[in-house]
Structure formats: structure tokens, C-alpha cells
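Novice: Quick note: to get the numbering used here, add 638 to the position in the sequence shown (first position is 1).
Built from N, CA and C at the ideal position, the CB exists for glycine as well.
As the structure is a computational prediction, the values presented were derived from the model and not from experiment.
My questions all concern the structure below.
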Amino acid sequence: MLTRKQHELLTFIHERMKESGIPPSFDEMKDALDLRSKSGIHRLITALEERGFIRRLPNRARALEVIKLPDSMNPSLGGRKARFEPNVIEGNLGRVAAPPPRSAPPSSMPGADYGRPVSIPVMGRIAAGTPIEAIQTHSHTITVPPEMLGAGEHFALEVRGDSMIEAGIFDGDTVLIRKQDTAGTGEIIVALVDDEEATLKRLRKRGNSVALEAANPAYETRIFGPDRVKVQGRLVGLLRKY
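And the structure:
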């Protein structure tokens with residue numbers, strides 16, 4: 639799933655290469671998207687490359703290759719434009735019932751599922767670095783022990799980036815998130831910024847402002863007005879493959 643600007647840039651590059659066979663320059667891309675600086679183009683190209691839509695060819699000036707197009711640009715869809723819905727918690731989320739008291743013996747609870755692995759959906763990737771949009775598509779399902787989740791609705795996201803390494807969260811980890819729209823200061827949350835970009839950060843409340851704090855000194859804390867940040871969920875667990 640692409641943001642509006644990423645979609646516009648990919649469309650511009652694709653159309654230009656169909657016309658001339660030569661990728662547009664950064665200045666041409668900046669003017670086409672009405673951006674103030676080329677740094678914004680750099681960020682968009684990096685995001686498109688990370689998502690596998692384009693490839694930068696080494697040792698060649700202006701060397702870009704379009705690898706694939708989103709479904710909204712696929713002629714088989716009859717020109718329909720896919721609606722971008724970055725809210726990472728929509729869809730069929732795994733609901734987990736609160737486990738029964740540990741003191742209650744299993745024999746006293748006929749049919750109880752306590753201890754049985756719970757399936758939850760993986761809803762794409764989340765940035766632990768510079769915010770990117772979270773992928774809305776339910777890519778696959780994983781099973782986790784119920785004691786890792788507790789009560790409520792949960793979903794999982796794959797981590798991209800290294801901004802939370804001092805909190806023990808690394809690139810490639812899978813985080814387990816409890817769906818909620820509020821959180822306390824100091825909690826690690828999925829934050830939706832400006833209804834467009836999602837990121838995994840520690841929440842800090844500073845007066846009327848909201849700060850999204852990284853757990854890596856290489857990244858600056860970002861401060862927003864309260865109307866620009868929406869809490870999508872709170873970190874409750876983490877899975878890692880070795």
C-alpha cells in the first residue's frame with residue numbers, strides 16, 4: 639500500500655519512462671509533485687525501493703527501474719483507483735478472551751481453550767525509524783501462546799528499522815499489538831501520524847503536545863500537536879526468529 643505522494647511519484651516515473659525510456663531527473667520529480675526540496679523525493683524513492691516497486695541501478699546517473707505497479711495502476715482493474723486506508727487496525731483482528739484464573743483446575747472448565755495457541759493476523763510492516771505507512775493487507779496469520787496477549791483484540795506487525803533497539807526491538811522482529819486508542823506516557827505504541835504514516839515509538843506527553851520517542855540516540859524525538867497523532871495500539875509482546 640502506497641501513500642498518495644508515493645503513488646504520484648511512481649506514476650510519474652512510469653509514464654515518463656514509457657514516453658522516453660529515460661527516468662526523470664530529481665528536479666523534474668520535485669516539480670511534478672510540487673515539493674519544495676529534492677530531499678522529499680529522496681525519501682519517496684527510498685520508500686518505493688524498500689517496498690519493491692522500483693530499483694536504483696548502481697554507478698549510473700538517473701538510473702531507476704520500475705519493477706512492479708500497484709493494483710490501482712493495473713489495467714485489469716478497469717482503471718479503478720484503490721482507496722488508501724492506512725489505519726493498520728482495520729480488518730478481522732484476532733480477539734482473545736481473558737484467560738481463566740490459574741488457580742482453577744482444567745477439569746472444572748469443560749471445553750475451556752486455556753493454553754491453546756491463538757491465531758492473530760499479521761497486518762504488514764511498521765517503521766521503527768523514519769515513519770512509513772503501515773501495510774493494511776492481512777498478509778498472513780501467526781499463532782502465539784495466549785499468555786502473551788491477555789484480553790482484547792490483537793494484531794501483529796513486522797518491524798522495519800532500528801530506532802527501538804535499546805528497547806530490545808530489532809529490525810525483522812514481529813511485534814504483538816493490543817488494539818486500543820489510548821496509552822500512558824512511557825508506553826510503546828503504534829502511532830498514526832497525520833492519518834498517513836504509522837510508526838512504533840515510545841509515547842511521551844508534554845503538556846498539550848505529544849512526543850514520539852525513539853530508543854536509539856541516532857534518532858530525534860518528534861513532537862506533534864495532539865490532533866496529529868492517533869494511538870492505534872500498545873505493544874504487548876515480541877517474536878524473534880534466530
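Going by alpha carbons, who is nearest to residue 708 out of 784, 659, 645 and 765?
Specialist: Selected option, being the one with the closest Cα: 645.
Novice: Measuring alpha carbon to alpha carbon, tell me which residue in 842, 783, 695 and 763 is nearest residue 862.
Specialist: Of the candidates 842, 783, 695 and 763, the one whose C-alpha sits nearest the C-alpha of residue 862 is 842.
Novice: Under 8 Å, do residue 754 and residue 792 count as touching if we go by C-beta distance?
Specialist: For residue 754 and residue 792, no; Cβs fall outside 8 Å.
Novice: How far does the alpha helix (DSSP H) with residue 835 in it reach, from first residue to last?
Specialist: Run containing residue 835: none in the alpha helix (DSSP H); it sits in the beta strand (DSSP E), 835-844.
Novice: By the DSSP assignment, the beta strand (DSSP E) with residue 879 in it spans what residues?
Specialist: From DSSP, residue 879 is part of no beta strand (DSSP E); its letter is neither H nor E.
Novice: Could you check where the alpha helix (DSSP H) with residue 650 kicks off and where it finishes?
Specialist: From DSSP, the alpha helix (DSSP H) with residue 650 extends over 642-658.
Novice: I need the DSSP call for residue 802, collapsed to helix, strand or coil.
Specialist: In this structure, residue 802 counts as coil in the three-state DSSP scheme.
Novice: Among 664, 669, 866 and 672, which residue has its Cα nearest to the Cα of residue 683?
Specialist: Among 664, 669, 866 and 672, the Cα nearest to that of residue 683 belongs to 664.
Novice: Buried or exposed, going by whether 16 or more other CB atoms sit within 10 Å of the CB of residue 856?
Specialist: Looking at its Cβ environment, which holds fewer than 16 other Cβ atoms inside 10 Å, residue 856 is exposed.
Novice: Using 8 Å for Cβ pairs, my map puts residue 838 next to residue 828. What's the rounded Cβ distance?
Specialist: Yes, residue 838 and residue 828 are in contact; Cβ-Cβ is about 6 Å, under 8 Å.
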